[in-house]
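Taken in order, these protein sequences are the chains called P and W.
Each number in our numbering corresponds to the 1-based position in the first sequence with 296 added.
Each number in our numbering corresponds to the 1-based position in the second sequence with 14 added.
What follows is one structure encoded as structure tokens, with my remarks underneath.
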Amino acid sequence: MDKRKHEVESAELSIWFFCGILMLAYGLVLVITGIVELHNPPPNEVLLPWLESLHPTLWWGLVLSAFGGFYSIRFRPGRA
Amino acid sequence: MQVFAALLLITHQLTRLAPVDVLILLLYFALVVFIGFYAKGKANTSEDFFLAGREMTAWIAGLSFVSANLGSLELMGWAGAAYQYGILAAHWYWIGAIPAMLFLGIVMMPFYYISKTHSVPGYLHLRFGEAARGLSAISFALMTILMSGVNMFAMAVVMQTVLGWNITFSIWVGAATVALYVMLGGLRSAIINEVLQFVLIWAGAAMIPILGLIEAGGWTNLKAQIAANVGRSDYTHLWSTVGHFSDNPMGVHWTGIVFGLGFVISFGYWTTDFLVVQRVLSAHNLRAAKMAPVIGAAFKMAVPFIVILPGLLALAVLKNPDGSMMHLVPESVAAATGQHSYNEVLPLMLIRYCGPGLLGLGITALVAGFMSGMAGNVSAFSTVWTYDIYGAFINKKASDKHYVAMGRWSTVIGMLVSIGAAYLVMNAASIMDYVQALFSFFIAPLFGTVILGMLWKRATHWGGFLGLLAGTASSIGMFVWVKLNDGALQYIAMSTDAKPMAENLYRALWSWIICVVVTVVVSLMTKPVPTEQLSGLVYGVTPIPDDGATTIWQKPIFWAIVVIVVFFILNLIFW
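Spelled out as structure tokens, the structure:
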């Protein structure tokens, strides 16, 4: 059992790696969208001007990129 | 429960997706299908397929355990309930979950785990014989497949109303994707997706309370705004208003909350519903199996932040385009007036704060929640069908390979039946109310049977079976009584001021009491089970193996105490 568990957590793809890679991908998409929106605010931010100055898409994208990047590297395939 | 059925009646499209939102949704579907093919290579034996090889860590089993209950029906329904009833809805996440989850981990899990059962009906078989197993397996299989169909249809309706998607398209794409990844990878595939869904729901929904609190100016200002807008201050108190049925928006009494919800319904669901217990049985050792519900409880306590808080925020900040306060209404009124209903509160708040990208993430989280709900039900169905119906009554001596094949086929067939159930619900929305009620018929009495089986060695086979039967029959009887005569509610809830929400709480409490009384009386009248046959199944005759914890930080009981202390603090803060 120990050997098998070791295989699951190292040589195979970890569940945390799946979480990390998806969050990293979403984070990058949001960062790019957020940068584009700096000069072209979306309709909801036009309706709520206080929201525009917070740049939620950009900041949330950075948070997800950091979270996803950490988990993708920490649980990358083949890591002992 | 009515809030779920009401979701089906929303009739107008709220928003549309930008290309970046579609990209986010497609990325999710691509990863889910990849996970199915990836997990297929590791689902060769029945233990692999039905219990994920029993090799999950405490964190994975714990997140999967809590995620199996974090479907989109629950998210949208309870956010709407928070708008309608205020913070009282948080009881379903705190007292209605935390004590039971900790009890499962610390007291009950050792018996489930060391008996090496594959399912809850399997435990009933070991403890009470074939009749109790048959009754619980057949009722559970029927309910899970219907619930899967309800999830499927609810997803299709939400996609239609929020985005304008075709209902049939949503049903078949959702069903095919879930069938593919569960059939290929079994429980492992379902668990990976549930953990993924848990992370995704937080990523997709957390912006609503964060930005909402910024807009409202913090919790204190939020409370003041809610009190001003609704004209009463009882929407933000958990306990101080439940001294009498008429003192709170929900029409409930603290005895119903504590004994009906906090004890019977909660313990019944979290400790005997195989859909959630199956996740913990996949843990790789006894300590992980005990820790998983404790970890799940810690995360469960945080869920009101993304479910209840958005409902409360909407009472303070949700406005019409002209700047006036938006008033959400019951479904029946919304259908007639064209206003938005309570159950649209989460999508409305999502649209308010989230532009392209963030909106796609929120919608993907909702889709993931619905698909995870289907996968959880269909994987539990597949296990109970294969082990406790097919393997127990139809073909007892097949090879392990045959049972794995049966598991895969029953997944596909279960999904097809679910699609049929989804179309059935489409043509008669009131069926959804009955499906929810049917589920509640079995859970409370089942908890009575299981808990007596584990803690009382004198309980006999006939006692267990007849107690379960009597509890279930009495629950159905009370439901029919109230349906036929509204006045019956005052006798079941013991107050003329009780509202429909109170019925569920007291019906569960009475059916549990009837189950326990019948089990005890019949057991005392029948021949005891020899003690040697109870080893590994009952407290007092089973040596509990050491869970291997060497330091206090490794002990599940230590973390359970930490969680319960935080639980009490939260209840005091929002008293």
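All C-beta atoms, glycine included, are put in the ideal place defined by N, C-alpha and C.
Who pairs with residue i in a beta bridge, going by DSSP?
{"i": "SER355/W", "result": "VAL343/W"}
{"i": "ALA297/W", "result": "MET70/W"}
{"i": "LYS415/W", "result": "For LYS415/W, which the question treats as bridged, DSSP gives no partner whatsoever."}
{"i": "LYS597/W", "result": "In the structure as shown, chain W starts at 15 and stops at 589, and residue 597/W therefore has no counterpart that could be examined."}
Alpha carbon to alpha carbon, how far is residue i from residue j?
{"i": "VAL343/W", "j": "GLY276/W", "result": "29 Å"}
{"i": "GLU348/P", "j": "VAL342/P", "result": "7 Å"}
{"i": "GLY365/P", "j": "ALA217/W", "result": "14 Å"}
{"i": "VAL552/W", "j": "ALA311/W", "result": "25 Å"}
{"i": "PHE117/W", "j": "VAL317/W", "result": "20 Å"}
{"i": "ALA66/W", "j": "SER346/W", "result": "44 Å"}
{"i": "ALA155/W", "j": "ILE109/W", "result": "28 Å"}
{"i": "THR29/W", "j": "ILE320/W", "result": "21 Å"}
{"i": "ILE506/W", "j": "ALA516/W", "result": "9 Å"}
{"i": "THR400/W", "j": "GLN547/W", "result": "25 Å"}
{"i": "ILE152/W", "j": "LYS513/W", "result": "32 Å"}
{"i": "HIS267/W", "j": "PHE581/W", "result": "20 Å"}
{"i": "SER509/W", "j": "ALA502/W", "result": "10 Å"}
{"i": "ILE575/W", "j": "GLU69/W", "result": "26 Å"}
{"i": "LEU320/P", "j": "LYS471/W", "result": "53 Å"}
{"i": "ALA111/W", "j": "GLU88/W", "result": "14 Å"}
{"i": "ARG372/P", "j": "GLY50/W", "result": "19 Å"}
{"i": "ASN262/W", "j": "LEU177/W", "result": "35 Å"}
{"i": "GLY352/W", "j": "LEU210/W", "result": "36 Å"}
{"i": "PHE384/W", "j": "THR353/P", "result": "25 Å"}
{"i": "PHE479/W", "j": "SER355/W", "result": "44 Å"}
{"i": "ILE578/W", "j": "LEU201/W", "result": "30 Å"}
{"i": "CYS315/P", "j": "PRO544/W", "result": "49 Å"}
{"i": "PRO113/W", "j": "VAL332/P", "result": "47 Å"}
{"i": "PRO33/W", "j": "ILE205/W", "result": "30 Å"}
{"i": "TYR249/W", "j": "SER424/W", "result": "46 Å"}
{"i": "GLY477/W", "j": "TRP567/W", "result": "41 Å"}
{"i": "TRP346/P", "j": "ALA379/W", "result": "26 Å"}
{"i": "ALA230/W", "j": "LEU236/W", "result": "5 Å"}
{"i": "ILE120/W", "j": "PRO570/W", "result": "7 Å"}
{"i": "TRP35/W", "j": "LEU375/W", "result": "In the sequence as displayed, the identity of residue 35/W is Asp instead of Trp. The alpha-carbon atoms of ASP35/W and LEU375/W are separated by roughly 7 Å."}
{"i": "ALA350/W", "j": "ASN357/W", "result": "16 Å"}
{"i": "LYS54/W", "j": "GLY323/P", "result": "29 Å"}
{"i": "GLY136/W", "j": "ALA297/W", "result": "17 Å"}
Measure the beta-carbon distance from residue i to residue j and round it to whole angstroms, keeping in mind my assumption that it falls under 8 Å.
{"i": "VAL372/W", "j": "LEU326/P", "result": "Val is not the amino acid found at residue 372/W; the sequence shown has Leu there. LEU372/W to LEU326/P, Cβ: 7 Å. Contact."}
{"i": "VAL196/W", "j": "SER203/W", "result": "6 Å"}
{"i": "VAL290/W", "j": "ASN83/W", "result": "6 Å"}
{"i": "LEU225/W", "j": "TYR367/W", "result": "4 Å"}
{"i": "ALA1/W", "j": "ILE433/W", "result": "For residue 1/W there is no data in the structure shown, the boundaries of chain W being 15 and 589."}
{"i": "LEU483/W", "j": "LEU149/W", "result": "7 Å"}
{"i": "TRP573/W", "j": "TRP253/W", "result": "That pair is no contact at about 25 Å."}
{"i": "LEU326/W", "j": "ALA95/W", "result": "Actually they do not touch by this definition, with Cβ atoms about 11 Å apart."}
Just to confirm the assignment, what range does the alpha helix (DSSP H) spanning residue i have?
{"i": "PRO559/W", "result": "Where PRO559/W is concerned, there is no enclosing alpha helix (DSSP H), given that its DSSP letter is neither H nor E."}
{"i": "ASP62/W", "result": "60–65"}
{"i": "ARG147/W", "result": "144–177"}
{"i": "GLY315/P", "result": "Looking at the sequence shown, residue 315/P is not Gly but Cys. 311–333 is the extent of the alpha helix (DSSP H) around CYS315/P."}
{"i": "LEU551/W", "result": "Element bounds for LEU551/W: n/a, residue is neither H nor E."}
{"i": "ASN180/W", "result": "First-last for ASN180/W: undefined, no H or E at that position."}
{"i": "LYS541/W", "result": "Element bounds for LYS541/W: n/a, residue is neither H nor E."}
{"i": "ARG370/P", "result": "352–370"}
{"i": "PRO124/W", "result": "123–128"}
{"i": "TRP284/W", "result": "280–286"}
{"i": "MET11/W", "result": "This structure cannot settle anything about residue 11/W, because the visible part of chain W is limited to 15 through 589."}
From this set, the options, which residue's C-alpha is nearest residue i's C-alpha?
{"i": "PHE493/W", "options": "LEU438/W, LEU160/W and LEU523/W", "result": "LEU523/W"}
{"i": "VAL244/W", "options": "TYR137/W, LEU329/W and ALA458/W", "result": "LEU329/W"}
{"i": "ALA406/W", "options": "GLY434/W, SER133/W and PHE125/W", "result": "SER133/W"}
{"i": "SER247/W", "options": "GLY100/W, LEU160/W and VAL164/W", "result": "GLY100/W"}
{"i": "TRP495/W", "options": "LEU480/W, GLY91/W and ARG521/W", "result": "ARG521/W"}
{"i": "THR182/W", "options": "ALA193/W, MET169/W, LEU194/W and VAL176/W", "result": "MET169/W"}
{"i": "ARG293/W", "options": "MET115/W, TYR417/W, ALA193/W and VAL431/W", "result": "MET115/W"}
{"i": "ARG422/W", "options": "ALA394/W, VAL439/W, ILE408/W and ASN441/W", "result": "ALA394/W"}
{"i": "LEU344/P", "options": "SER129/W, SER396/W, LEU39/W and GLY369/W", "result": "GLY369/W"}
{"i": "GLY467/W", "options": "MET264/W, ILE228/W, GLY376/W and THR285/W", "result": "THR285/W"}
{"i": "VAL278/W", "options": "ASP402/W, PHE461/W, ALA242/W and ASN499/W", "result": "PHE461/W"}
{"i": "ALA473/W", "options": "VAL536/W, LEU160/W, TYR126/W and ALA419/W", "result": "VAL536/W"}
{"i": "LEU160/W", "options": "THR564/W, SER184/W, ASN518/W and MET440/W", "result": "MET440/W"}
{"i": "PHE63/W", "options": "SER525/W, VAL418/W, PRO557/W and VAL531/W", "result": "VAL418/W"}
{"i": "VAL534/W", "options": "ALA193/W, LEU498/W and ILE465/W", "result": "ILE465/W"}
{"i": "GLY163/W", "options": "THR556/W, PRO459/W, ILE490/W and GLY428/W", "result": "GLY428/W"}
{"i": "PHE273/W", "options": "PRO324/W, LYS56/W, THR59/W and TRP526/W", "result": "TRP526/W"}
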